[in-house]
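**Student:** Supplied in structure tokens, the structure appears directly below.
There are 2 protein chains.
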Amino acid sequence: MQTDHIRLANQLCFSVYNTSRLFTKFYQRALSDFGLTYSQYLVLMALWEEDGQTLHQIGDALYLESNTLTPLLRRMEDAGWLTREKSAHDRRQLTVHLTAEGQESQGPIQQAIAECIGKEHLDIDQYNDTQETISQLETALRTLLTDESKMEE
Amino acid sequence: MQTDHIRLANQLCFSVYNTSRLFTKFYQRALSDFGLTYSQYLVLMALWEEDGQTLHQIGDALYLESNTLTPLLRRMEDAGWLTREKSAHDRRQLTVHLTAEGQESQGPIQQAIAECIGKEHLDIDQYNDTQETISQLETALRTLLTDESKMEE
DNA sequence: CTTCAATTAATCGTGCACGATTGAAAGTAG
DNA sequence: CTACTTTCAATCGTGCACGATTAATTGAAG
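Protein sequences appear in the order of chains A and B.
Per numbering that gives the first Met the number 0, the very first residue in the first sequence carries number 0; after that it's consecutive.
Per numbering that gives the first Met the number 0, the very first residue in the second sequence carries number 0; after that it's consecutive.
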């Protein structure tokens with residue numbers, strides 16, 4: 000039935016939309032003490048993984064572009080988490096480095112999140128399969144949406 | 000391991016966040032022809048289900064509050080999808096009714112989404128289990144977050 | 001009836017997301 | 001070297017989300 004397809008897609012999309020908002024609120028509890036948003040936490044994670052990335056590289060990691068990242072990184076620079084400077088070898092690019100504050104905060108921030116997960120009794124182990132399943136859906140949607148833009152070339 | 004908990008939570012949250020954005024983009028393809036956003040489509044679905052709901056009732060259905068719905072409904076009224084009027088029996092409340100346009104568009108809009116699902120070869124049946132799993136996670140997070148606010152009372 | 005509490009939509013300010021465009025810089029071809 | 005193309009970050013405008021507050025209306029208690 001075609002209508003069943005729509006109903007399933009609607010329910011699935013709505014659940015994912017709701018869960019995303021709820022997860023963001025959940026993280027916000029731990030992050031608000033540091034004055035961080037979830038998106039800003041994602042940037043920190045990318046830089047903890049590898050410091051000195053360009054805006055473009057961070058965007059590749061988080062699936063975000065300059066229209067979102069430029070103001071976001073500026074706010075994080077103002078807050079003292081990182082520095083922004085034009086790359087020496089290619090002045091079009093922007094290189095982002097963590098400040099000492101940004102580096103040293105990794106432990107405390109992740110501990111705050113860990114406490115939030117523990118204290119709230121979020122049985123996260125239960126969702127090991129969920130992570131795989133949702134990742135597959137994510138991949139399917141991404142290829143579906145990016146293949147389309149390739150068609151136009 | 001505590002760090003494993005964080006890593007799983009981070010991956011899960013990031014996947015849900017990405018999937019939500021991708022799903023919104025996917026729906027946007029079908030909805031843009033009608034000048035609708037995904038959030039506005041959710042409001043239409045709630046009103047197709049039951050017309051004449053109050054802002055509060057719509058908010059209960061979509062987990063949104065007046066700070067989001069008031070401007071959203073105003074834009075939809077401006078676009079001709081619905082009408083907003085104060086309830087007769089309780090002038091604090093706002094009753095929302097579909098216009099003829101809003102009612103008649105249900106078929107075409109859902110057909111556009113169905114075509115989008117079909118044409119893009121999104122094998123949605125494959126995600127029957129995913130819907131259940133993500134719904135459980137959604138419920139867990141919601142009770143977790145709303146029980147907390149009850150503690151403060 | 002009067003006072004106080006509760007409910008409701010609206011308002012305000014901030015921070016994403018994102019489609020679209022711009023301008024600068026770098027790369028490429030002739 | 002010059003002209004053209006590509007690749008960047010930045011900018012612009014719109015529409016959510018959402019914490020916090022406000023003002024109007026209703027309900028409840030005395």
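Note that the Cβ used here is the ideal one computed from N, Cα and C, for glycine as well.
List the residues of chain B that A8 of chain A touches, going by C-beta distances under 8 Å, in chain order.
**Tutor:** Within 8 Å Cβ-Cβ: I112, I116, L121 and I123.
**Student:** Consider the C-beta atom of R28 of chain B and the heavy atoms of the ligand FMN; say whether any pair is separated by less than 8 Å.
**Tutor:** Absence of the ligand FMN from the depicted structure is noted, as is the absence of any ligand whatsoever, leaving it without description.
**Student:** Taking Cβ positions only, does T132 of chain A come closer than 9 Å to chain B?
**Tutor:** Yes - at least one Cβ of chain B is within 9 Å of the one on T132 of chain A.
**Student:** Do you know offhand how far D124 of chain B's Cα is from A113 of chain B's?
**Tutor:** Between D124 of chain B and A113 of chain B, the C-alpha separation is close to 13 Å.
**Student:** Taking Cβ-Cβ distances shorter than 7 Å, what residues in chain B pair up with E137 of chain A?
**Tutor:** Per Cβ cutoff of 7 Å: S14, N17, T18 and L21.
**Student:** Looking at L30 of chain A: is its Cβ nearer than 9 Å to the Cβ of Y40 of chain A?
**Tutor:** In contact: L30 of chain A and Y40 of chain A (Cβ atoms closer than 9 Å).
**Student:** Would you say F33 of chain B faces chain A, with C-beta separation under 9 Å as the test?
**Tutor:** Closer than 9 Å: no.
**Student:** By the 8 Å beta-carbon criterion, what residues does the segment 40-54 of chain B contribute toward chain A?
**Tutor:** For the segment 40-54 of chain B, which is checked against every Cβ of chain A, the residues closer than 8 Å are L41 and M44.
**Student:** Given that a residue counts as buried once 16 or more other Cβ atoms are within 10 Å of its Cβ, and exposed if not, what is N127 of chain A?
**Tutor:** Exposed: under 16 other Cβ atoms inside 10 Å.
**Student:** Would you kindly work out how many angstroms separate the C-alpha atoms of A139 of chain A and R20 of chain B, rounded to a whole number?
**Tutor:** Looking at the two C-alpha atoms, the distance is approximately 13 Å.
**Student:** Between G101 of chain A and P70 of chain A, what straight-line distance do the alpha-carbon atoms span, to the nearest angstrom?
**Tutor:** Cα-Cα distance, rounded: 18 Å.
**Student:** Which stretch, first to last residue, makes up the beta strand (DSSP E) that contains E114 of chain B?
**Tutor:** No beta strand (DSSP E) holds E114 of chain B; the alpha helix (DSSP H) holding it covers Q105 to K118.
**Student:** So, helix, strand or coil for R83 of chain B, using DSSP?
**Tutor:** Strand at R83 of chain B.
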